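A.B. asks: Could you have a look at this structure, given as structure tokens, before my questions?
Residue numbers (the working numbering), protein chains in the order written: chain L, 1 to 225; chain F, 1001 to 1467.
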């Protein structure tokens, strides 16, 4: 992988919910809370700050990703106005269930717990649901192989850095958990700062992917005109 | 002398007028419908494949017109009433298929469809009546008829040719309407639609066999009983001999057919739209009274809904190739070719890129590119580059801030263009309410000119066929 591609990959990682994962050996279970923070100073003097969180549950052959939503969001009342639109599907409210099938191919389904529906997504539409189709890009939050293209930070164990003319990226890696504790990037002019912080959290009382019995099974194309 | 000249001029004008609208000039009609193929998509596809100064095959057709697409109740239509307007001459409400103008797709706020099963819940009476389509009129006149698409054959555009239903999503019922012996067969189809090619086999197969039919019927078995040759792979399709086949159904995917980009890249065993068009023409063309064929490039629309310009342009080129194939097979002295779209989308071409800049690429600064003699990207107010093709709105996994596209391959297969208004639902980029283009050539094409409402197209085709 070229440094240019790596930088883009890492930059995209910070701004999206795509996760790069590489699995050489079985990876342990993990319950993670991920904070995404972005601060940007625009040329017209406006500072914009964004923050959102996701929960990620990692199990053998399965990754569950869900956005942390404000209380009351996407409840029945909020959705009433949308009832007229049969094709309503809120991506932010839908969790991603990524699994590895018998052929070692990663598959993604969206799960809308509000509407109790599971939506199959064909590969050609993966981009529209924020998935790149790779299992290796779905278990760790950063492909460990990418660390080999970075420079270790002297005196800081498991810290790596990649400098380019326009961007600097720093990664703090959790070798045991096989995920990054922190991924941070700054552009050269210092006007854009992105930060992803990963913490371990408690397992859910009920694993959400085990409660999908009775959910309607739909397809991505059902939401198209 | 002056009087004589005036009379002559009037006579010439009269002859011209009657010629323009002479009935029955066309024995055959092929109606090409690029779903969502608005003017920007046409231009972008031209640049993508042939460059700014090149031309698509559809652009070589003799006449061009501009079509107003609004539906009965909506400024911006969906595919159901827009295709139905072409096919029936009636303006109807969004999501209604080939029914009278008073038909509602909703019972209050509830759509007349069981969304989980695909079963229609349209009332048997009291909610509009079917209106006759060009395909049905053609069949009644003894012509052969067919519908070819890259979507499910039960999807709105092909369904508008042969089915009548108050809500387009009742696809189990739409499938039943085209199958003799189903109990819901549309009797106006006479002996049935002669050629049906596309996807959507799930609506023809019972749930017990992995399909969506809740009535337990295997419609593919009924089709065979009714004398159809039924194929479900591209390989089997290629082996169908059109000379010895008069009724053909091909359903090559449980859902929509693959996008053209994926069909080719992954060597999917599905026929191309051009091959399906040719087979249909060869089968239908055996009827001495002529034929009516509808051909849809249906997935242009889907790629645009996903703000994936590359797949939309690839599907548009495949659609154009189907037109090219048809033109190579027909005699324009007795065949009318109409090419149009049902509605626009929100994609636009922006910036001042230099000529020759890839249409899927980033906008270049024409001034700096010229001055410096090398490609110089133009920047937005945030000092970041942007792509030539963007969308007015769209869903999907939108970024919290704009990516720096400097090192991004925006021509990659899965790149999604940026959008103005962010919508939450993936694939939810909306249709555009602007006019679309219509191209025509061949027998009876004279009237297809000017700016027309979409229902007028029905009248022109009907007149050309002498129906």
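Note that beta-carbon positions come from the ideal geometry of N, C-alpha and C, so glycine has one too.
Predicted, not measured: the structure shown is a model, and the values here were computed from it.
#1: Contact defined as beta carbons within less than 8 Å: I believe residue 1099 of chain F pairs with residue 1130 of chain F. What is the distance between those atoms, to the nearest angstrom?
#2: Output, in chain order, the set of chain L residues within a Cβ distance shorter than 7 Å of residue 1308 of chain F.
#3: Does the segment 1195-1211 of chain F come within contact of the segment 1145-1152 of chain F, defined as at least 3 CB pairs closer than 8 Å?
#4: To which residues of the same chain is residue 1231 of chain F closer than 7 Å at the C-beta, ignoring the five residues directly before and after it?
#5: Can you tell me which residues form a DSSP beta bridge with residue 1130 of chain F?
#6: List the DSSP bridge partners of residue 171 of chain L.
#7: Using 9 Å as the limit for Cβ to Cβ distance, is residue 70 of chain L near chain F?
#8: Residue 1217 of chain F: buried (16+ other C-beta within 10 angstroms of its C-beta) or exposed?
#9: Measuring alpha carbon to alpha carbon, tell me which residue in L/186, L/200, L/184, L/190 is nearest residue 178 of chain L.
#10: What does residue 1259 of chain F reach in chain L if we use C-beta pairs closer than 9 Å?
#11: In the DSSP assignment, the alpha helix (DSSP H) including residue 1040 of chain F goes from what residue to what residue?
#12: So, for residue 1203 of chain F: in the same chain, excluding its five sequence neighbours on each side, which residues have a beta-carbon less than 6 Å away from its beta-carbon?
#13: Taking C-beta pairs closer than 7 Å, name the residues in chain F that residue 40 of chain L reaches, listed in chain order.
#14: Excluding five sequence neighbours on each side, which residues of the same chain lie with their C-beta closer than 7 Å to the C-beta of residue 172 of chain L?
#15: Run down chain F in chain order and give the residues with a C-beta less than 8 Å from the C-beta of residue 165 of chain L.
#16: My output table needs one value for residue 31 of chain L: the three-state DSSP class, helix, strand or coil.
#17: Using only the alpha-carbon positions, how far apart do residue 1024 of chain F and residue 1235 of chain F sit?
#18: Considering only the alpha carbon of each residue, which of F/1438, F/1453, F/1460, F/1454 lies closest to residue 986 of chain F?
#19: Looking at chain F, is there any beta carbon in it that lies within less than 9 Å of the beta carbon of residue 220 of chain L?
#20: At which residues does the alpha helix (DSSP H) containing residue 96 of chain L begin and terminate?
#21: To be precise: take each residue of the segment 1339-1371 of chain F, compare its Cβ to all Cβ atoms of chain L, and keep it if any distance is under 7 Å. Which residues remain?
#22: Under a Cβ-count criterion, where at least 16 other Cβ atoms within 10 Å of its own Cβ denotes burial, should residue 1027 of chain F be classed as buried or exposed?
#23: At the 9 Å Cβ level, is residue 170 of chain L part of the contact set with chain F, yes or no?
#24: When the Cα atoms are used, what is the spatial distance from residue 1344 of chain F to residue 61 of chain L?
#25: Applying a beta-carbon distance threshold of less than 7 Å, which residues of chain L neighbour residue 1383 of chain F?
#26: Would you mind giving the Cβ-Cβ distance between residue 58 of chain L and residue 102 of chain L, rounded to the nearest angstrom? I have them listed as a contact below 8 Å.
#27: Applying a beta-carbon distance threshold of less than 8 Å, which residues of chain F neighbour residue 223 of chain L?
#28: Residues of chain F with a CB under 7 Å from the CB of residue 216 of chain L: which are they?
#29: Taking any Cβ of chain F, which residues in the segment 45-62 of chain L have a Cβ under 8 Å from it, in chain order?
#30: Might you give, ordered along the chain, the residues of its own chain that have their beta carbon closer than 8 Å to the beta carbon of residue 1078 of chain F, omitting 5 neighbours on each side?
#31: For the beta strand (DSSP E) containing residue 1234 of chain F, list its first residue and its last residue.
#32: Rounded to whole angstroms, what is the Cα-Cα separation between residue 1256 of chain F and residue 150 of chain L?
#33: Taking residue 97 of chain L as the reference, which of L/217, L/44, L/109, L/142 has the closest Cα?
#34: In terms of alpha-carbon separation, which member of F/1043, F/1061, F/1062 lies closest to residue 1053 of chain F?
#35: Opposite residue 54 of chain L in the DSSP bridges: which residues?
#36: What is the rounded straight-line gap between the Cα of residue 34 of chain L and the Cα of residue 70 of chain L?
C.D. replies: Reading off the structure:
#1: Between residue 1130 of chain F and residue 1099 of chain F the Cβ distance is about 6 Å, and since that is below 8 Å, they are a contact.
#2: What residue 1308 of chain F touches in chain L: 127.
#3: In short, these stretches touch, since the Cβ pair count reaches three.
#4: 1237, 1240, 1250, listed in sequence order.
#5: Here residue 1130 of chain F is bridged, per DSSP, to F/1099.
#6: Its beta-bridge partners are L/160, L/183.
#7: False, the Cβ-Cβ gap to chain F never drops below 9 Å.
#8: Its Cβ being crowded by 16 or more others within 10 Å, residue 1217 of chain F is buried.
#9: For the residues L/186, L/200, L/184, L/190, the minimum Cα distance to residue 178 of chain L belongs to L/200.
#10: Neighbours of residue 1259 of chain F across chain L, judged by C-beta separation under 9 Å: 124.
#11: Residues 1039-1050.
#12: Closer than 6 Å at the Cβ level, and outside the excluded window around residue 1203 of chain F, lie 1154, 1171, 1172, 1175, 1212.
#13: Chain F residues near residue 40 of chain L: 1401.
#14: Excluding positions up to five away in sequence, the list reads 158, 159, 180, 181, 182.
#15: From the beta-carbon of residue 165 of chain L, no residue of chain F is found nearer than 8 Å; the closest lies around 11 Å away.
#16: Here residue 31 of chain L sits in strand by DSSP.
#17: So the alpha carbons of these two residues sit roughly 38 Å apart.
#18: In this structure chain F extends from 1001 to 1467, so residue 986 of chain F is not present and cannot be described.
#19: True, the Cβ-Cβ gap to chain F drops below 9 Å.
#20: For residue 96 of chain L, there is no enclosing alpha helix (DSSP H); the enclosing beta strand (DSSP E) has its first and last residue at 95-100.
#21: Cβ contacts with chain L: none found.
#22: Answer is buried; the Cβ neighbour count reaches 16.
#23: For residue 170 of chain L, no CB of chain F lies under 9 Å from its own CB, so it is not counted at the interface with that chain.
#24: Here the C-alpha atom of residue 1344 of chain F lies approximately 42 Å from the C-alpha atom of residue 61 of chain L.
#25: Per Cβ cutoff of 7 Å: 43.
#26: That belief does not hold up - the Cβ atoms of residue 58 of chain L and residue 102 of chain L are roughly 20 Å apart, past 8 Å.
#27: Near residue 223 of chain L (Cβ distances below 8 Å), the residues of chain F are 1425, 1426, 1427, 1428.
#28: Contact of residue 216 of chain L with chain F by beta-carbon distance below 7 Å involves 1116.
#29: Within the segment 45-62 of chain L, the qualifying residues are 48, 50, 52.
#30: Taken in chain order, the residues that qualify are 1071, 1094, 1095, 1156, 1168, 1343, 1431.
#31: No beta strand (DSSP E) contains residue 1234 of chain F, which is instead part of the alpha helix (DSSP H) from 1234-1238.
#32: Approximately 44 Å between the Cα atoms of the pair.
#33: Closest option to residue 97 of chain L, Cα to Cα, is L/109.
#34: With distances taken between Cα atoms, residue 1053 of chain F lies closest to F/1043.
#35: By DSSP's assignment, residue 54 of chain L forms a beta bridge with L/34, L/67.
#36: Going by the C-alpha atoms only, they are around 15 Å apart.
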